[in-house]
Every structure is written in structure tokens, then in C-alpha cells.
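Numbering (this note's numbering), first residue to last: 48 to 283. Every residue, glycine too, gets a C-beta built ideally from N, C-alpha and C.
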Ligand code: FPP
């Protein structure tokens, strides 16, 4: 295993500009260990931090993490509360945990209107505190849905007086940059689950069986090596 992992540490010929990550498998990771699902989410937050650092080290421009979907409100109240608490705790600790030397910029995407006001304040502060940084832009999707994002962009354009819209208009008004080069989904599931529908038009997909809390730098490297060996034709 160690040998296999090592061969994925080689340099990369071509890196994706924008990566999307569906952090899946926290519940199964916890279940396998006889732990509550929230323990899986906590361990998942550690994996999130590790992958942010590695993306920044590799000079990836933008990474979008799917942390809480518009559909996740349908989970048991206790799990929703635990996830909100986790985001809250992360933001309290973020100043030291994703320190300035790392130069990571944080942005939240999704409809924050329904979130707790204390959490919104911390999100605003994290964005303001890191706005001038030039390292990896880390988008954290909370109360996010790909369909909701497209509706949001169209409504913005309508509010600005537009009566018809072009693809370019939508691309310029969604939350992230318009294209995502690589979407990574661990845990064995092979679906998009309403994640970055617009940005995924020409994304490459990488699936693996590793559960998100176990996902580490080597798993990221493996995904990146798969990506650089894909023949991207964009319909040509
Ligand atoms: C899906 O796995 C995961 C989630 C709904 C939550 C993802 C959130 C984190 C990893 C925390 C990230 C933290 C920060 C600070 C951004 P699942 O629970 O559906 O797993 P399962 O399919 O095995 O049940």
C-alpha cells in the first residue's frame, strides 16, 4: 500500500484550475466504527482542512467543497444541528487553523439567508479576513444546490432589468467561476447530487471507494493523475 501511494507523489504535467469535491461517506465511516454519524462529519472536517492545504501547496486556483446541500435539511434535526455547530466551530478556529501563511482565501456559496445569524456573521468575517489572499480560493457550499444557483443567477439578472439572458450572463452570475475541470466524489457513489450543474458541463469525474474522512493527499494525487491522463475534447 505504501509503495502504491508513493507512486502518486510524482509531479503533475497538468493541473485542473477548478476542482469540485463532494465530501461523501462520513456516515458510513462512523458506522463502521460504531460511532455516531457526527463523529464522521468531525473527521470529515479534518480531511477538508488537509485537502485545502494540499490544494494550496499545489497552487490549485479554486476548489469548491460540497458541505451542506439544500436537500440536507431533510436529515434528522440533531444531525443538521451538529453540522451547523461544526461549521461554527471551524470558523471560530479558522483564523489559526488555516493560518495567514497558507494564504488560503475562503468564500461561502449557497443561500445563507436561512442560516443562523451568528453563523452568517462568522462566514462574513472569514470572507473579509481572507479576501486579499492570493492562494487557493476555497468555496464552501452551505445550503447550496446547483439548480438553486442557476435560479439565483437568473433572478439577479431580472433584478438588473434583463429580459433575456445569454449563457455568458449566467456564467458571470453564478457563485463560482463558470467551469469546473474535475469533480471528485469518494465513497463509491456515482452521481452529481445537484452539485455545480452549470460548472459541470465539461467536468472530468473521478470516483473512488475511499470514504471522505479517510481521503488524504495521496487520494487527491491519484485523482489528479487520472485527470492529467484524460483526453478532454470539449465536444470537438
Ligand atoms: C455526506 O456524507 C456529507 C455531508 C452531508 C456533510 C459534509 C460535511 C463535512 C465533511 C464537514 C466539512 C466541514 C467544514 C468545516 C467545511 P454522508 O453523511 O451522507 O455519508 P454517508 O453517505 O456515508 O451516510
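Look at residue 85 here: in three-state DSSP terms it is helix. Non-local beta-carbon contacts of residue 89 in its own chain, meaning distances under 7 Å to residues more than five positions away in sequence, involve 133 in chain order. Residue 234 has no beta-bridge partner at all, per DSSP.
Contact check for residue 110 and residue 69: beta-carbon distance about 12 Å, past the 8 Å limit, so the pair fails to qualify. Straight through space, the alpha carbons of residue 201 and residue 260 are spaced by roughly 36 Å. Taking 8 Å as the upper bound for CB-CB distance, residue 159 and residue 182 are not in contact here, some 23 Å apart. Residue 256 and residue 115 have their C-alpha atoms some 21 Å from each other.
Nearest to residue 135 by alpha-carbon distance, out of 281, 92, 204, is 92. For the pair residue 236 and residue 254, the Cα-to-Cα distance works out to about 7 Å.
For residue 224, the CB contacts under 7 Å within the same chain, skipping 5 residues up- and downstream, are 65, 109 in chain order.
Beta-bridge annotation (DSSP): residue 66 is paired with 110, 229.
As the crow flies, the alpha-carbon of residue 106 is around 33 Å from that of residue 84.
At a Cβ-Cβ threshold of 7 Å, residue 251 and residue 277 count as neighbours. Taking non-hydrogen atoms of the ligand FPP into account, the C-beta of residue 95 is found less than 6 Å away from one of them.
Unbroken beta strand (DSSP E) runs of no fewer than 3 residues, entirely contained in the region 90-176, are found at 109-116, 152-156, following chain order.
Between the region 212-231 and the region 239-249, the count of C-beta pairs closer than 8 Å reaches three or more; the two stretches touch. Taking the Cα positions, residue 266 is about 12 Å away from residue 274. Counted as a single uninterrupted DSSP element, the alpha helix (DSSP H) harbouring residue 271 occupies residues 264-275.
In the three-state DSSP reduction, residue 58 falls in the coil class, being neither helix nor strand. For the ligand FPP, a non-hydrogen atom lies closer than 6 Å to the CB of residue 88. For residue 189, there is no enclosing alpha helix (DSSP H); the enclosing beta strand (DSSP E) has its first and last residue at 184-191.
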